[in-house]
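**Q**
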Amino acid sequence: MNQPVQVDANLSRRLALLGFGSLLGLPSLARAQAPAAGGPAAGGQVIDITRARTDPIPIALPDFAGSSGPAQQLGQNITRVITNNLRNSGLFRPVERAAYIQTPEAAAGAPRFQDWRVIGAQALVTGRAEPQGDRSRIEFRLWEVGSEQQLQGTAYTANAANWRQIAHVISDVIYERMLGEKGYFDTRIVYIAESGPRDRRTRRLAIMDQDGENHRFLTDGSFQALTPRFHPNARQIAFMSYNNNQPRVYLFNLDSGRQEVLGNFSGMTLSPRFAPDGRSVVLSSVRGGDANIYVVDLASRRERQLTSGGGLDVSPCYSPDGTQIVFNSDRGGDQQLYVMDAGGGGARRISFGNGRYATPVWSPRGDLIAFTRISGGRFGIGVMRPDGSGERILSEGWAMESPTFAPNGRVLAFYRESQARDTRGGGYSARMAMIDIAGFNERQIVTPTDATDPSWSPLLSS
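In case it helps, mature numbering (1 follows the signal peptide of the UniProt record, and there is no 0) puts the sequence shown at residues -32 to -1, 1 to 430.
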């Protein structure tokens, strides 16, 4: 019979400061440090994103046409998802439908560009949707109104149940053609769904589309879960579990629902992340009074130690090229960010601002590292370059943690806590939010329960 892993009081306090106290019966990093008071394409060319932030692209999105009632309903549903995706990005401004002159059916046949130009649309999306038994054919066209040129025309045939994913794929195509970089709409977010009283929280793995739809729970709450992270193929998740009272890193297969423990570590294992090639997992293992970083090969399950010496080294994350790892550690006496070679050598501190740093994650572009900063009793989600320069705080508040990048590196998701008592009896609320890396367009993502520890998937259609 497995015996619970014992963690001494001093180590528990240090882990709590590094954000892993909640599974040890201690307050999390956020709750332990929170203060008492609350806180506050035109012309055939790609449109610069900086310009789109201050002047979102006006785009017309009439309902996709259909030859029957069910086809028209399908077209309306698809158009609604595309419209919401583009609006929520903060970079597009859908033109009010009341201003439309040409009907959707007529526009799908042959756009009368003057009718769209006069209402201020720079871009126009038209399409058709036709159910075909258990499948659907969906076609769309993206037009530049000023030049009256078609920028994109594509048809998709897919399982009828996958209409929402097709809408996300179309949204990504529009985003890329208008802005010159890949979108992030055909993605999922895995997170921890929390419920119950503050001192007896139930924490389950949950997954949803990036817009909060198609939500489902992956675990039943019979054991606590924390820090889920996607495999590069988006079909597997690594997470920390308290199954059988053993704090271990587990792998969860989204296709089969099968769970398996990773490695045969003698102590607690936590904060896993997959390598960019998906062949190994980097994690932290607590042995004695320290936590060090290890890499575990998924094929052989062999482990290799990357750090050693006094200190808690946790939350490792690879650079997208797999050559470096960022992590946070109290090895210097305070909680800071460090970058080392992927083989474990050459660790150097990169955070030098006023405060403590945690939960680092490397941008898929390789140009930024996102983090949580705790300073003066306030929390902030920020970014810095991999050498520590250019630090910027994007959002601040009472308590917030765990940034995760969209696959294009343009948007961050994180969670934010509130002191306000919610109607579900939790005593506080934890909500998922998103924000552009420029620090604008912060918005909340609605989830059925409180939501913490988000992790963004790669593009599903790539």
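All residues carry an ideal CB built from backbone N, CA and C; glycine is no exception. Values in this document were obtained by computation on a predicted structure and should not be read as measured data.
(1) Assign arginine 48 to buried or exposed, taking buried as 16 or more other Cβ atoms, counted over all protein chains shown, within 10 Å of its Cβ.
(2) Indicate the three-state DSSP secondary structure (helix, strand or coil) for alanine 210 in the structure shown.
(3) Roughly how many angstroms separate the alpha carbons of glutamate 410 and serine 234, rounded to a whole number?
(4) For alanine 419, write down the residues that DSSP places opposite it in a beta bridge.
(5) DSSP three-state call for arginine 411: helix, strand or coil?
(6) Compute the Euclidean distance between the alpha carbons of isoleucine 106 and glycine 95, then round it to the nearest angstrom.
(7) Use the C-beta contact count for serine 36: other C-beta atoms within 10 angstroms, 16 or more gives buried, fewer gives exposed.
(8) Less than 8 Å between the C-beta atoms of leucine 280 and aspartate 309, yes or no?
(9) Find out if the Cβ-Cβ distance for the pair glycine 220, leucine 266 is shorter than 8 Å.
(10) Going by C-alpha to C-alpha distance, which of Pro244, Leu186, Met402 and Ile157 sits closest to glycine 334?
(11) Let's see if you can read the secondary structure: which residues bound the beta strand (DSSP E) around alanine 193?
(12) Count the other CB atoms within 10 Å of the CB of isoleucine 413; is the residue buried (16 or more) or exposed (fewer)?
(13) Please work out which residues of its chain come closer than 6 Å, Cβ to Cβ, to arginine 341, disregarding the five sequence neighbours upstream and downstream, and give them in chain order.
(14) Are there 16 or more other CB atoms within 10 angstroms of the CB of glycine -12, so buried, or fewer, so exposed?
(15) First and last residue of the beta strand (DSSP E) that includes glutamine 227?
(16) Mind checking whether serine 343 and threonine 155 have CB atoms under 8 Å apart?
(17) For aspartate 83, which residues from the same chain have a beta carbon less than 6 Å from its beta carbon, with the 5 sequence-adjacent residues on both sides left out?
(18) Among Val263, Thr18 and Arg80, which residue has its Cα nearest to the Cα of glycine 148?
(19) Alpha carbon to alpha carbon, what distance is there between valine 249 and glycine 311?
(20) With a CB to CB cut of under 6 Å and the five nearest residues on each side skipped, what residues in its chain are close to glycine 88?
(21) Leaving out five residues on either side along the sequence, give the residues of the same chain with a beta carbon under 8 Å from the beta carbon of glycine 290.
(22) Alpha carbon to alpha carbon, how far is isoleucine 318 from alanine 406?
(23) Going by C-alpha distance, which of Arg197, Trp131, Arg166 and Glu181 is nearest valine 158?
(24) Considering only DSSP beta bridges, list what leucine 92 is partnered with.
(25) Are there 16 or more other CB atoms within 10 angstroms of the CB of glutamate 228, so buried, or fewer, so exposed?
**A** Short version:
(1) For the purposes of this step, residue 48 is identified with residue 80 of the sequence shown, where counting begins at 1. Exposed.
(2) Looking up residue 210 in the sequence shown gives position 242. Checking the sequence, you will find tyrosine at residue 210 rather than alanine. Here tyrosine 210 carries a coil assignment [DSSP, helix/strand/coil].
(3) Numbered from 1 along the sequence shown, position 442 holds the residue referred to as residue 410. Numbered from 1 along the sequence shown, position 266 holds the residue referred to as residue 234. Taking the straight line from one Cα to the other gives about 42 Å.
(4) In the sequence shown, counting from the first residue as 1, residue 419 sits at position 451. Its beta-bridge partners are Ala161.
(5) Stepping through the sequence shown from its first residue, residue 411 is reached at position 443. Here arginine 411 sits in strand by DSSP.
(6) Your numbering for residue 106 matches position 138 in the sequence shown. Your numbering for residue 95 matches position 127 in the sequence shown. Those two C-alpha atoms are separated by around 7 Å.
(7) Locating residue 36 in the sequence shown gives position 68, where the first residue counts as 1. With fewer than 16 other beta carbons inside 10 angstroms of its own, serine 36 counts as exposed.
(8) Your numbering for residue 280 matches position 312 in the sequence shown. Your numbering for residue 309 matches position 341 in the sequence shown. Not closer than 8 Å, so no.
(9) Against the sequence shown, residue 220 aligns to sequence position 252. Against the sequence shown, residue 266 aligns to sequence position 298. Residue 220 is actually phenylalanine in this sequence, not glycine. Cβ atoms of phenylalanine 220 and leucine 266: not closer than 8 Å.
(10) For this step, residue 334 is matched to residue 366 along the sequence shown. With distances taken between Cα atoms, glycine 334 lies closest to Pro244.
(11) Here residue 193 refers to the residue found at position 225 when the sequence shown is read from its first residue. That run of the beta strand (DSSP E) goes 193 to 198.
(12) For the purposes of this step, residue 413 is taken as residue 445 along the sequence shown, with counting starting at 1. Counting C-beta atoms within 10 angstroms of its own C-beta, isoleucine 413 has 16 or more neighbours from the protein chains shown and is therefore classed as buried.
(13) Locating residue 341 in the sequence shown gives position 373, where the first residue counts as 1. Hits under 6 Å: Gly323, Tyr325, Gly348 and Gly350.
(14) For the purposes of this step, residue -12 is taken as the residue at position 21 of the sequence shown. Here glycine -12 scores only 43 on pLDDT, less than 50, and its place in the model is too uncertain to base an answer on.
(15) Your numbering for residue 227 matches position 259 in the sequence shown. Here the beta strand (DSSP E) through glutamine 227 covers 227 to 229.
(16) Within the sequence shown, numbered from 1, the residue matching residue 343 stands at position 375. Within the sequence shown, numbered from 1, the residue matching residue 155 stands at position 187. No, Cβ-Cβ distance for serine 343 and threonine 155 is not below 8 Å.
(17) The residue labelled residue 83 in the question sits at position 115 within the sequence shown. Closer than 6 Å at the Cβ level, and outside the excluded window around aspartate 83, lie Ile69 and Gln70.
(18) The residue you call residue 148 lines up with position 180 of the sequence shown. The shortest Cα separation from glycine 148 among Val263, Thr18 and Arg80 belongs to Thr18.
(19) Locating residue 311 in the sequence shown gives position 343, counting from the first residue. Locating residue 249 in the sequence shown gives position 281, counting from the first residue. Computed Cα separation, rounded: 13 Å.
(20) Your numbering for residue 88 matches position 120 in the sequence shown. Closer than 6 Å at Cβ, skipping near neighbours: Pro26.
(21) Mapped onto the sequence shown, residue 290 falls at position 322. The answer, listed in chain order, is Ala243, Pro244, Asp245 and Ala310.
(22) Position 350 of the sequence shown, counted from the first residue, corresponds to residue 318. Position 438 of the sequence shown, counted from the first residue, corresponds to residue 406. Whole-angstrom Cα-Cα distance: 21 Å.
(23) Translated into the one-based positions of the sequence shown, residue 158 becomes position 190. The shortest C-alpha separation from valine 158 is found at Arg197.
(24) Here the question's residue 92 lines up with position 124 in the sequence shown. In the DSSP output, where bridge partners are listed per residue, leucine 92 has Ala28 and Trp111.
(25) Along the sequence shown, one-based indexing puts residue 228 at 260. Around the C-beta of glutamate 228, fewer than 16 other C-beta atoms lie within 10 Å, and the residue is accordingly described as exposed.
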